[in-house]
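The next block holds one structure in the form of structure tokens; read it before the comments.
2 protein chains.
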Amino acid sequence: MRVTIYDLAREAGVGIGTVSRCLNNHPNVSAPTRARVLSVVRRLNYQPHAYAQRLANRKTNTVAAIIPYFTSSFFFQVLQGVQDRAAEAGLDLILYGVNDPAQKELCLRKSLQRGKVDGVMLFSLKLPVAYAERFQQMGLPLVLVDTFDAAFDSIYVENREGAQAATGHLLSLGHRSLAMISAHPDSDPARDRIDGFRDALAAASVEISADQIILPGSHRLDGFSREAGREAFQALLPMVRRSEDPVTAAFVASDVQAIGVVEAARDYGVSIPDDLAVVSFDDIELAQHYRLTTMRQPMYEMGALAIERLVQRFGNPCCEASVTSFRPQLVIRDSCGAARKEPYATP
Amino acid sequence: MRVTIYDLAREAGVGIGTVSRCLNNHPNVSAPTRARVLSVVRRLNYQPHAYAQRLANRKTNTVAAIIPYFTSSFFFQVLQGVQDRAAEAGLDLILYGVNDPAQKELCLRKSLQRGKVDGVMLFSLKLPVAYAERFQQMGLPLVLVDTFDAAFDSIYVENREGAQAATGHLLSLGHRSLAMISAHPDSDPARDRIDGFRDALAAASVEISADQIILPGSHRLDGFSREAGREAFQALLPMVRRSEDPVTAAFVASDVQAIGVVEAARDYGVSIPDDLAVVSFDDIELAQHYRLTTMRQPMYEMGALAIERLVQRFGNPCCEASVTSFRPQLVIRDSCGAARKEPYATP
DNA sequence: TTGAAAGCGCTAACAG
DNA sequence: CTGTTAGCGCTTTCAA
């Protein structure tokens with residue numbers, strides 16, 4: 003049933019070398035021979051065996067993406083960029099979803115298996131040193147997205163600058179008593195956003211007490227969740243309600259958390275943006291529906307670029323690690339109170 | 003650098019056969035030999051070469067998922083089910099995203115390539131007969147989700163019954179002049195939902211004119227899009243506004259379309275559910291935010307089950323094609339007007 | 001129990 | 001231009 007180049011060779015009355023040449027468009031085949039072979043190829047409905055090919059030419063044409071499922075829309079959009087560009091480049095994409103730290107190591111290990119993939123993309127996940135070494139040892143190209151290691155190509159969003167801009171926007175609206183609802187500082191982006199928040203306050207000589215940076219109670223999803231947002235809001239509530247120097251604005255580390263905040267605020271009768279102005283981060287699809295003012299990240303582009311970097315590296319394995327950064331853009335909607343045309347109806 | 007079983011064999015002073023046996027836990031190796039070999043394996047940090055292994059034992063431990071990006075959340079949730087279960091089963095997952103019909107064939111062809119994957123899952127996409135034959139010829143397991151072909155395992159949602167239930171709900175609320183906003187009948191689920199709509203009307207002896215089933219103008223995404231929903235609403239508007247026998251309720255083929263309808267309705271000052279009651283299909287994440295009454299599909303479960311079926315088939319390649327169906331559940335929210343506690347504020 | 005050797009299906013270098 | 005041959009790295013007989 004399965005037809006191989008041996009069958010083709012026999013049928014066409016040539017050697018397997020010639021068959022291979024025809025299949026790979028090598029120039030050194032006479033036109034008539036090529037025609038004859040190709041007709042046999044078609045007649046026998048020949049299909050090359052993927053792995054035999056890969057074994058022989060040491061190339062897999064496959065890449066792996068290791069993606070945490072933090073917040074659905076965010077990574078889904080990144081994934082679309084990855085997927086589209088991979089298809090364009092003729093690369094197969096192996097998808098590894100990471101739901102807990104143990105899985106991360108497993109995926110890394112699987113990706114490192116010799117001959118499995120030509121390159122790997124790691125998203126928003128810290129690369130353990132042990133694995134960094136192994137990638138270098140094996141010479142396996144690795145692109146880091148939304149995380150960093152000097153030894154590898156990396157693409158990231160300037161979280162710190164973004165957080166500065168977000169906070170700056172709040173300051174520019176006249177707020178002087180700010181809080182931040184953060185994700186867990188285990189996550190690099192979360193930490194950077196805290197730093198940016200602090201930077202902006204410092205630049206404006208605004209001081210806040212330590213408890214005005216609110217961390218998530220649970221580690222789940224590193225705090226990038228709606229529930230974490232709700233809980234944080236409850237911690238924030240007393241500060242909003244106190245008569246002396248009440249908090250009037252909050253920078254929230256992500257849109258998902260902000261959605262939790264908006265919901266909780268409605269439950270507690272706190273008006274957003276009147277009682278509390280909110281700016282968050284990501285611009286996921288839902289952000290539009292909640293009319294969130296937020297820092298937009300180019301999710302699709304980041305995914306697409308990850309593939310491009312990988313392809314570049316295939317062409318030139320030894321060049322220096324590249325660093326690309328995106329600057330998030332402020333998208334003004336209703337939750338910050340800047341564009342107050344109509345009352346902000348929580349959906 | 004790259005260490006092979008030949009290196010191991012030399013280092014351990016045995017033949018490659020013995021090394022292979024140790025690695026694969028064959029019984030026929032003496033304990034001391036095995037210990038010696040395994041210690042060498044560890045010392046040299048040996049990693050088997052994925053494709054060499056696959057070539058030799060004719061198994062890839064990889065499956066492919068061919069997924070159209072109809073509506074982001076819907077397939078993302080399905081994909082999560084696929085991904086989780088695949089990881090559990092130790093299978094690598096190759097993801098093929100389909101954005102237009104031409105890509106479908108390409109993905110099918112790629113999946114069919116000999117030796118590439120052990121099985122394929124096809125989601126919501128019609129399987130061309132030519133490919134059905136090739137899958138059978140090659141003996142490559144194929145699981146169909148949300149689509150059907152008697153020759154293959156299939157998992158689907160009872161779209162027709164679901165549409166009946168949705169329409170029945172509208173009828174039970176007293177509506178007698180109904181319309182349907184459909185997706186393109188090229189898509190199997192879309193056609194089934196039209197049939198279900200008709201069934202329910204027939205059962206209740208309600209008659210409608212042909213133009214009360216509104217088809218999308220564009221083929222993009224087979225009409226499963228917000229824009230298609232908006233356009234359809236415009237076509238529907240005159241029927242809602244006419245004085246004689248106005249349309250008071252609509253069954254919409256999907257949540258994304260319903261969101262377009264809700265938005266357009268707001269623009270035109272049509273109140274939902276007062277002027278127009280709406281029931282849709284899918285229960286994607288956004289459906290909650292729009293308070294859509296809808297028919298819930300078990301997306302995650304469908305994805306997970308697809309992998310399970312594939313694994314079953316690996317164990318028993320020749321058994322008859324299985325058919326599993328899910329019955330969608332009515333989720334009552336505000337867009338149908340059944341639970342009218344407070345006015346329905348469009349978000 | 002173990003080593004040698006024959007594939008798995010293909011590519012590429014090497015003679016002719 | 002073409003056929004032959006030697007790998008690619010592993011699994012699996014088949015003798016020993």
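Just so you know, the sequences run in chain order A and B.
Counting along the first sequence from 1, when you hit position 282 you're at 284 in the working numbering, and nothing is skipped either side.
Counting along the second sequence from 1, when you hit position 287 you're at 289 in the working numbering, and nothing is skipped either side.
Positions of the beta carbon are idealized from the N, C-alpha and C atoms, including for glycine.
Computed from a predicted model, the values in this text were never measured in an experiment.
Burial state of A:ALA347, where buried means 16 or more other Cβ atoms lie within 10 Å:
As a position in the first sequence, residue 347 of chain A is number 345, starting the count at 1. Low local confidence applies: a pLDDT of 49 at A:ALA347 is under 50, so the model's placement there is unreliable, with the coordinate-based value given in what follows. Exposed, because fewer than 16 other Cβ atoms sit within 10 Å of the Cβ of A:ALA347.
Is it buried or exposed, A:ASP224, if we count other Cβ atoms within 10 angstroms and call 16 or more buried?
Mapped onto the first sequence, residue 224 of chain A falls at position 222. Residue environment for A:ASP224: buried (at least 16 other C-beta atoms within 10 angstroms of its C-beta).
Could you have a look at B:ASP94 and say whether DSSP puts it in helix, strand or coil?
In the second sequence, the residue the question calls residue 94 of chain B occupies position 92. DSSP places B:ASP94 in strand when its eight states are reduced to three.
Does the contact criterion of 3 or more C-beta pairs under 8 Å hold for the segment 215–235 of chain A versus the segment 160–174 of chain A?
Taking a cut-off of 8 Å on C-beta distances, the segment 215–235 of chain A does not touch the segment 160–174 of chain A, as fewer than three cross pairs fall below it.
Just tell me which of A:ASP201, A:LEU114 and A:VAL208 has its CA closest to the CA of B:ALA52.
Against the second sequence, residue 52 of chain B aligns to sequence position 50. The shortest CA-to-CA distance from B:ALA52 to any of A:ASP201, A:LEU114 and A:VAL208 is the one to A:LEU114.
Any C-beta of chain B sitting closer than 9 Å to the C-beta of A:THR295?
Indexing the first sequence from 1 puts residue 295 of chain A at position 293. With respect to chain B, the C-beta atom of A:THR295 has no partner C-beta closer than 9 Å.
When you compare each of B:PHE283, B:PHE328 and B:VAL65 to B:ARG315 by their alpha carbons, which one comes out closest?
Here residue 315 of chain B refers to the residue found at position 313 when the second sequence is read from its first residue. Closest by alpha carbon: B:VAL65.
Looking at chain B, is there any beta carbon in it that lies within less than 9 Å of the beta carbon of A:GLN331?
Here residue 331 of chain A is taken as the residue at index 329 of the first sequence, counted from 1. For A:GLN331, the answer is no, since every Cβ of chain B falls outside 9 Å of its Cβ.
Evaluate B:ALA260 with the Cβ neighbour count: other Cβ atoms within 10 Å of its Cβ, from every protein chain shown; 16 or more gives buried, anything less gives exposed.
Counting from one through the second sequence, the residue named residue 260 of chain B turns up at place 258. Label assigned to B:ALA260: buried.
Where the segment 115–147 of chain B meets chain A: residues whose CB sits under 9 Å from a CB there:
Answer in chain order: GLN115, ARG116, GLY117, LYS118, VAL119, ARG136, GLN139, MET140 and GLY141.
Which residues, in order along the segment 45–59 of chain B, keep a beta-carbon less than 8 Å from a beta-carbon of chain A?
Within the segment 45–59 of chain B, GLN49, PRO50, HIS51, ALA52, TYR53, ALA54, ARG56 and LEU57 place their CB atoms closer than 8 Å to a CB of chain A, listed in sequence order.
Apply the 10 Å Cβ neighbour rule to B:VAL131 and answer buried if 16 or more other Cβ atoms are within range, or exposed otherwise.
The sequence position of residue 131 of chain B within the second sequence is 129, counting from 1. Answer is exposed; the Cβ neighbour count stays below 16.
Give a yes or no on contact between the segment 276–296 of chain A and the segment 149–157 of chain A, applying the rule of three or more CB pairs nearer than 8 Å.
Because the criterion of three Cβ pairs below 8 Å is not met, the segment 276–296 of chain A and the segment 149–157 of chain A do not touch.
Should A:HIS221 be flagged as near chain B, meaning a C-beta pair shorter than 9 Å?
The count along the first sequence starts at 1 and reaches residue 221 of chain A at position 219. Taking 9 Å as the threshold, the shortest C-beta distance from A:HIS221 to chain B does not fall below it.
Any chance you could list the alpha helix (DSSP H) runs of at least 4 consecutive residues sitting entirely within the segment 32–60 of chain A, in chain order?
The qualifying runs are 33–45 and 52–59.
Is A:ASP276 close to chain B? Criterion is C-beta to C-beta, closer than 9 Å.
Sequence index remark: in the first sequence, residue 276 of chain A carries index 274 (1-based). Chain B places no beta carbon closer than 9 Å to that of A:ASP276, leaving this residue out of the contacts.
For B:LEU108 and A:ASN63, what's the separation of their Cα atoms in angstroms?
Translated into positions along the second sequence, residue 108 of chain B becomes position 106. Translated into positions along the first sequence, residue 63 of chain A becomes position 61. C-alpha separation (whole angstroms): 15 Å.
Within 9 Å, strictly: CB atoms of B:ARG12 and B:ALA306
Mapped onto the second sequence, residue 12 of chain B falls at position 10. Mapped onto the second sequence, residue 306 of chain B falls at position 304. The answer is no: Cβ separation not under 9 Å.
Are three or more beta carbon pairs between the segment 38–46 of chain B and the segment 88–95 of chain B nearer than 8 Å?
Touching, no.
Please decide whether A:ARG232 counts as near chain B, where near means a Cβ-Cβ distance under 9 Å.
To locate residue 232 of chain A, count along the first sequence from 1; it is residue 230. Taking Cβ atoms only, chain B never reaches closer than 9 Å to A:ARG232, which makes this a no.
List the residues of chain A whose Cβ lies closer than 8 Å to the Cβ of B:ASP269, in chain order.
Your numbering for residue 269 of chain B matches position 267 in the second sequence. Under the 8 Å cutoff, chain A gives no residues; its nearest Cβ is about 15 Å from B:ASP269.
Leaving out the 5 sequence neighbours to the left and right, which residues in its chain are closer than 6 Å to B:GLU287 when beta-carbon positions are compared?
Within the second sequence, residue 287 of chain B is the residue found at index 285, counting from 1. Here the set comprises SER75.
The ligand FMN heavy atoms versus the CB of A:LEU173: any closer than 8 Å?
In the structure shown, the ligand FMN is absent, as is every other ligand, since no ligand is present at all.
Pick out whichever of B:VAL100, B:GLY141, B:TYR48 and B:ALA212 has its Cα sitting closest to the Cα of B:LEU127.
Taking the first residue of the second sequence as position 1, residue 127 of chain B is located at position 125. Ranking the options by Cα distance to B:LEU127, first place goes to B:VAL100.
When DSSP labels each residue in this structure, what does A:PHE77 get in the three-state scheme?
Locating residue 77 of chain A in the first sequence gives position 75, counting from the first residue. Three-state DSSP puts A:PHE77 in a helix.
Compare the C-beta of A:ASP94 with all C-beta atoms of chain B and state if any pair is closer than 9 Å.
For the purposes of this step, residue 94 of chain A is taken as the residue at position 92 of the first sequence. The beta-carbon of A:ASP94 is placed less than 9 Å from the nearest beta-carbon of chain B.
Per the contact definition of three or more C-beta pairs closer than 8 Å, is the segment 194–209 of chain A in contact with the segment 236–252 of chain A?
Taking 8 Å as the limit for Cβ pairs, the verdict is that the segment 194–209 of chain A does not touch the segment 236–252 of chain A.
A:SER282 - partner residues in DSSP beta bridges
For the purposes of this step, residue 282 of chain A is taken as the residue at position 280 of the first sequence. In the DSSP assignment, A:SER282 forms a beta bridge with A:THR296.
Straight-line Cα distance separating A:LEU144 from A:PRO349
Walking along the first sequence from the start, residue 349 of chain A turns up at place 347. Walking along the first sequence from the start, residue 144 of chain A turns up at place 142. Residue confidence is low: A:PRO349 scores 47 on pLDDT, short of 50, so the model does not pin down where it sits. No coordinate-derived value is stated.
Please confirm whether B:GLY99 has its beta-carbon closer than 9 Å to some beta-carbon of chain A.
As a first step, residue 99 of chain B must be located in the second sequence, where it is residue number 97. So yes, B:GLY99 belongs to the interface.
With distances taken from CA atoms, which of B:VAL263, B:PRO29 and B:GLN55 is nearest B:ALA289?
Within the second sequence, numbered from 1, the residue matching residue 289 of chain B stands at position 287. Of B:VAL263, B:PRO29 and B:GLN55, the residue nearest in Cα terms is B:VAL263.
In whole angstroms, give me the CA-to-CA distance for A:ALA341 and A:THR326.
Locating residue 341 of chain A in the first sequence gives position 339, counting from the first residue. Locating residue 326 of chain A in the first sequence gives position 324, counting from the first residue. Cα to Cα, A:ALA341 sits roughly 33 Å from A:THR326.
Would you mind working out which of A:GLN49, A:ASP190 and A:CYS320 sits nearest A:VAL159, comparing C-alpha positions?
Within the first sequence, residue 159 of chain A is the residue found at index 157, counting from 1. Ranking A:GLN49, A:ASP190 and A:CYS320 by Cα distance to A:VAL159 puts A:ASP190 first.
Can the beta-carbon of A:ALA67 be found less than 9 Å from the beta-carbon of A:LEU81?
Start at 1 with the first residue of the first sequence, and residue 67 of chain A comes out as number 65. Start at 1 with the first residue of the first sequence, and residue 81 of chain A comes out as number 79. Cβ atoms of A:ALA67 and A:LEU81: closer than 9 Å.
Inter-residue spacing [alpha-carbon to alpha-carbon] between A:THR250 and B:ARG44
As a position in the first sequence, residue 250 of chain A is number 248, starting the count at 1. As a position in the second sequence, residue 44 of chain B is number 42, starting the count at 1. Approximately 60 Å between the Cα atoms of the pair.
Does B:GLN115 come out as helix, strand or coil in the three-state DSSP assignment?
Residue 115 of chain B sits at position 113 when you count from the first residue of the second sequence. When DSSP states are grouped into helix, strand and coil, B:GLN115 belongs to the coil group.
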